[in-house]
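Undergrad: Residue numbers (the working numbering): 178 to 387. All C-beta atoms in this analysis are idealised placements derived from N, C-alpha and C, irrespective of residue type, glycine included. After the structure tokens below, expect a handful of questions from me.
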């Protein structure tokens, strides 16, 4: 993983999760609990505690060392304000992975997640040497679908009752990006979107969400 990657002109960077990020991640999840609840699996109380997130970070770094995940965080002004995870990496004939992401509610509509996903795709192609990245969103999650489409993903179908989100099995729209199809560059969109689009979280197409 290279040095932290800037995603805007205000100091927001994308970087690898660190061993001591547990308390900051717990604070970020507590701050965004209501914002994320409709888009994620039901979380246990421990998920929002520093100890729970420290355990999750340890698991994420173990997966990173084993080559099955690239766990990234967005950091701004010393706070964690989002996550991007390239997860469930499978090598061999597949050479593919799942993508998941979320952004702090206070930073919605600025194009930050579009840029962060673009940077993660560059890492997936150039550092991880992946062929394909897939992602899934809830059918009504137009903001997350926009993030994917702006990054060159194509819609490949709808999976019925695909993941249990907010306590219910819900349909998901599935997308894929073939990384060697074209040169990837981080999207060049305005730093602040005039339409104030909501960059809702995207759920990985695999069995786990970050």
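In chain order, what residues of the same chain lie with their CB nearer than 6 Å to the CB of residue 329, ignoring the 5 residues before and after it?
TA: Counting only Cβ-Cβ distances below 6 Å, and skipping sequence neighbours, we find 354.
Undergrad: Rounded to whole angstroms, what's the CA-CA distance from residue 197 to residue 231? Just pull it up for me.
TA: So the alpha carbons of these two residues sit roughly 7 Å apart.
Undergrad: Of all the alpha helix (DSSP H) runs that stay within the bounds of the stretch 282–355, which reach a length of 4 or more residues?
TA: Fully enclosed alpha helix (DSSP H) runs of 4 or longer: 289–303 and 319–327.
Undergrad: Residues bridged to residue 203 by DSSP?
TA: Answer by DSSP bridge pairing: none, since residue 203 is not bridged.
Undergrad: Quick one: give me the first and last residue of the alpha helix (DSSP H) that residue 232 is part of.
TA: From DSSP, the alpha helix (DSSP H) with residue 232 extends over 227–242.
Undergrad: Work out the CA separation of residue 295 and residue 309 for me, nearest whole Å.
TA: Distance between the alpha carbons of residue 309 and residue 295: 14 Å.
Undergrad: When DSSP builds the beta bridges, which residues end up paired with residue 248?
TA: Per DSSP, 262.
Undergrad: For residue 192, which beta-bridge partners are listed by DSSP?
TA: Answer is 250, bridged to residue 192.
Undergrad: Apart from the five residues just before and just after residue 188, which ones in its own chain have a Cβ nearer than 8 Å to its Cβ?
TA: Around residue 188: 253 and 254.
Undergrad: Bridge partners for residue 221 per DSSP, in chain order?
TA: Residue 221 pairs with nothing; no bridge assigned.
Undergrad: Taking 7 Å as the threshold (C-beta atoms), are residue 312 and residue 340 in contact?
TA: Not closer than 7 Å, so no.
Undergrad: Going by the beta-carbon positions, is the gap between residue 242 and residue 250 smaller than 7 Å?
TA: It is not a contact, given that the beta carbons lie outside the stated cut-off.
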